[in-house]
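J.: One structure coming up, written as structure tokens, with questions to follow.
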Amino acid sequence: MNLNMRMGMRRFTRLTNAFSKKVENHIHALAVYFMYYNFGRIHQTLRVTPAMEAGLTDHVWSLEEIVALAEPAKSAELSEIA
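Numbering that gives the first Met the number 0 numbers the first residue of the sequence shown as 0 and each following residue consecutively.
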């Protein structure tokens, strides 16, 4: 898993433009990566996503579905500021 993360996310290599300078941004990028890895990516040996294999979902999630999970939290933060 460590190699998959390092090769799949350029945020772990300092010499790229995507290097995370803030810890919060790095944590959010990791959350999106793990969500996609477990719910949106069909694994070669399983032939389904890990979430489908575990019985957590019955379909492969699209990026739109994953992003939709983050949008309500963002709108709630904006309403608290106003």
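Ideal placement from N, C-alpha and C gives every residue a C-beta, glycine not left out. In this text, all values refer to a predicted model and were calculated from it rather than measured experimentally.
Under three-state DSSP, which class holds glycine 39?
T.: Of the three classes helix, strand and coil, the one that applies to glycine 39 here is helix, per DSSP.
J.: Take leucine 62 and list the residues in its own chain whose beta-carbon comes closer than 8 Å to its own, dropping the five residues that flank it on each side.
T.: The answer, listed in chain order, is Tyr35 and Gly39.
J.: Are alanine 28 and arginine 10 closer than 9 Å when you measure CB to CB?
T.: Against a cut-off of 9 Å, the Cβ pair of arginine 10 and alanine 28 comes out as a contact.
J.: Exposed or buried, what is methionine 0 when buried is set at 16 or more other beta-carbons lying within 10 Å of its beta-carbon?
T.: Exposed, by the Cβ-count rule.
J.: Is there a Cβ of chain B sitting closer than 9 Å to that of methionine 34, yes or no?
T.: The chain inventory of the structure shown lacks chain B, comprising one protein chain alone.
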